[in-house]
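Enquirer: Below is one structure. I have some questions about it.
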Amino acid sequence: MTPSNINIIEFCNKIADDQLSLEEIKRNIISGVFTLDEIYHNINDSKLSMENLDIIMSYLNFNILFEFYNFNDFPQLLPKRTDIYVLGNYESGKSTFLSNLFSYINNQGLCIEHTHNLIGNLYKDKLQFCFNHGFFPNEGIHFGVNYICCDLLNIQDHNQVHPLNIIEFNYQKIDLATHINNCFDPNSNAKQFLKNDNSKILLFFIEYSQNQEKIINDSQNLNRLLQRLEQFGILARTTNINIVITKCDLFPAHIDPMEFAVTYINQNYLSFITDCKSISNYYNGDLKIKVFPFSVGKLSFKSSFINEKNYSWTKKILDEIFSTSFYKKRTTSFFSRFFK
Numbered sequence: 276m277t278p279s280n281i282n283i284i285e286f287c288n289k290i291a292d293d294q295l296s297l298e299e300i301k302r303n304i305i306s307g308v309f310t311l312d313e314i315y316h317n318i319n320d321s322k323l324s325m326e327n328l329d330i331i332m333s334y335l336n337f338n339i340l341f342e343f344y345n346f347n348d349f350p351q352l353l354p355k356r357t358d359i360y361v362l363g364n365y366e367s368g369k370s371t372f373l374s375n376l377f378s379y380i381n382n383q384g385l386c387i388e389h390t391h392n393l394i395g396n397l398y399k400d401k402l403q404f405c406f407n408h409g410f411f412p413n414e415g416i417h418f419g420v421n422y423i424c425c426d427l428l429n430i431q432d433h434n435q436v437h438p439l440n441i442i443e444f445n446y447q448k449i450d451l452a453t454h455i456n457n458c459f460d461p462n463s464n465a466k467q468f469l470k471n472d473n474s475k476i477l478l479f480f481i482e483y484s485q486n487q488e489k490i491i492n493d494s495q496n497l498n499r500l501l502q503r504l505e506q507f508g509i510l511a512r513t514t515n516i517n518i519v520i521t522k523c524d525l526f527p528a529h530i531d532p533m534e535f536a537v538t539y540i541n542q543n544y545l546s547f548i549t550d551c552k553s554i555s556n557y558y559n560g561d562l563k564i565k566v567f568p569f570s571v572g573k574l575s576f577k578s579s580f581i582n583e584k585n586y587s588w589t590k591k592i593l594d595e596i597f598s599t600s601f602y603k604k605r606t607t608s609f610f611s612r613f614f615k
């Protein structure tokens with residue numbers, strides 16, 4: 276066996292032992308350190324399975340870029356709907372949650388396609404496609420906005436249709452809107468995305484971490500963001516604040532995830548929780564605050580591939596959204612009479 280073969284086998288064994296992510300494997304192959312042909316011809320002498328090699332080959336051919344936009348790239352925000360604000364720092368798990376959500380919604384047949392914003396539809400389809408193949412959304416452009424307009428059937432009662440505006444954006448975009456006052460600029464769409472009469476549900480995403488420096492930074496960002504939302508008058512129209520702690524599969528074992536998520540927030544983000552409660556009291560307690568854990572399922576390839584999908588936490592969060600969001604009765608089309 277040549278030294279080259281030994282190196283390839285060691286590389287394959289590292290993959291099998293979960294020491295390399297899909298992106299790290301891809302960089303090695305693209306840069307020519309190893310080739311797929313070399314891996315294939317040495318796989319029987321390693322611990323790497325053909326199933327995992329198939330996953331690697333799929334990832335190499337998987338080239339979906341996720342982009343974020345400016346407010347002016349979208350059509351006007353539709354009225355008489357519930358606005359879902361998806362908020363979180365970079366890598367907090369916002370897009371991963373949405374990919375899990377739309378995969379679940381598609382599997383359950385809950386989504387009624389809406390043609391109002393085709394950019395948002397494309398983003399939704401990319402997220403769903405990505406999760407269905409076990410891949411996480413790539414980094415793409417870090418700052419900006421995405422807007423998905425969709426109608427969802429209630430899980431418990433398909434005669435109830437929930438019209439939703441799902442708006443995903445990060446803190447930097449909110450701060451930018453504040454500093455340049457573009458939400459009041461008559462030539463910008465920002466104002467009607469931030470100040471309108473729709474009721475709102477806020478989803479704050481926080482990545483579970485024991486890194487105190489990161490926790491302090493994230494906590495400060497959350498407090499600043501809450502101030503911005505209050506300045507825009509968004510909180511006056513908000514019915515629910517749902518705080519989602521991602522990567523709950525890293526929680527301590529043999530502890531109830533719901534209870535631990537609440538404990539984790541109270542211990543590490545007490546200032547943010549206190550501000551949320553103060554705001555709720557200001558609005559006579561009408562603003563409800565809930566904490567949810569979240570995980571996409573069991574991972575492999577150094578936590579870069581989803582090999583066992585989990586929709587249970589998404590379903591709980593979706594149930595909460597359905598319980599408080601506006602809905603209308605589903606109308607029966609002419610053609611649906613023949614397909615009951």
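Its first residue numbered 276, the sequence shown is counted upward by one per residue in my numbering. The beta-carbon is built from N, C-alpha and C at its ideal position, and this holds for glycine as well.
(1) Tell me whether the segment 342-354 and the segment 387-395 touch, counting them as touching only if at least three CB pairs, one residue from each stretch, are closer than 8 Å.
(2) Whole alpha helix (DSSP H) runs in the segment 505-575 with 4 or more residues, listed along the chain?
(3) Can you tell me whether DSSP reads Gln435 as helix, strand or coil?
(4) One question on the structure: do Val361 and Ile442 come within less than 8 Å of each other, judged by their Cβ atoms?
(5) Glu482: buried (16+ other C-beta within 10 angstroms of its C-beta) or exposed?
(6) Ordered along the chain, which non-local residues of its own chain (more than five positions away) have a Cβ less than 6 Å from that of Asn515?
(7) Can you tell me whether DSSP reads Gly616 as helix, strand or coil?
(8) Using 8 Å as the limit for Cβ to Cβ distance, is Arg503 near chain D?
(9) Within a Cβ cutoff of 6 Å, which residues of the same chain sit near Cys551, ignoring the five residues on either side of it in sequence?
(10) Go to Thr599, then tell me how far its alpha helix (DSSP H) extends in each direction, as first and last residue.
(11) With 16 as the cutoff for other CB atoms within 10 Å, does Thr513 come out buried or exposed?
(12) Within 10 Å of its beta-carbon, does Phe418 have 16 or more other beta-carbons around it, so buried, or fewer, so exposed?
(13) What does the alpha-carbon distance come out to for the pair Ile225 and Phe601?
(14) Let me confirm a value: Thr371 is counted as buried when at least 16 other C-beta atoms fall within 10 Å, else exposed. Which label applies?
(15) Under the rule that 16 or more other beta-carbon atoms within 10 Å means buried, what is Ile509, buried or exposed?
(16) Would you mind working out which of Cys287, Gly384, Glu488 and Asn556 sits nearest Asn317, comparing C-alpha positions?
(17) Can you check whether the CB of Val420 is closer than 8 Å to the CB of Asn473?
(18) Let me make sure I understand the geometry here. Which of Thr538, Asn471 and Leu402 has the alpha-carbon closest to that of Asn338?
(19) Taking the straight line between their C-alpha atoms, what separation do you get for Asn492 and Ser546?
(20) Within 10 Å of its beta-carbon, does Ile281 have 16 or more other beta-carbons around it, so buried, or fewer, so exposed?
(21) If you check the beta carbons only, do Thr357 and His437 fall under 8 Å apart?
(22) Tell me, which residues are paired with Phe479 by DSSP?
(23) Drop a sphere of 10 angstroms on the beta-carbon of Leu469, count the other beta-carbons inside from all chains shown, and report buried for 16 or more, exposed for fewer.
(24) Are three or more beta carbon pairs between the segment 370-388 and the segment 300-315 nearer than 8 Å?
(25) Among Phe406, Asp400, Glu342 and Glu299, which residue has its Cα nearest to the Cα of Lys584?
(26) For Asn386, which residues does DSSP report across the bridge?
(27) Find out if the Cβ-Cβ distance for the pair Val566, Val537 is shorter than 8 Å.
(28) With DSSP as the reference, identify every bridge partner of Tyr344, one or two as the case may be.
Expert: This is what the structure gives:
(1) yes
(2) 532-543 and 545-557
(3) strand
(4) Between Val361 and Ile442, the CB-CB gap stays under 8 Å.
(5) buried
(6) Ile476, Lys563 and Thr599
(7) Past the edges of the chain, shown from 276 to 615, lies residue 616, and the structure says nothing about it.
(8) This model lacks chain D altogether, as it is built from one protein chain only.
(9) Ile516 and Ile564
(10) That run of the alpha helix (DSSP H) goes Ser587 to Thr599.
(11) buried
(12) exposed
(13) This structure cannot speak to residue 225, because the chain is shown only from 276 to 615.
(14) buried
(15) buried
(16) Nearest C-alpha to Asn317 among Cys287, Gly384, Glu488 and Asn556: Cys287.
(17) no
(18) Leu402
(19) 12 Å
(20) exposed
(21) yes
(22) Leu362 and Ile518
(23) buried
(24) Flag = no, the segment 370-388 and the segment 300-315 do not touch.
(25) Phe406
(26) Looking at the sequence shown, residue 386 is not Asn but Cys. Paired residues: Leu427.
(27) yes
(28) Val420
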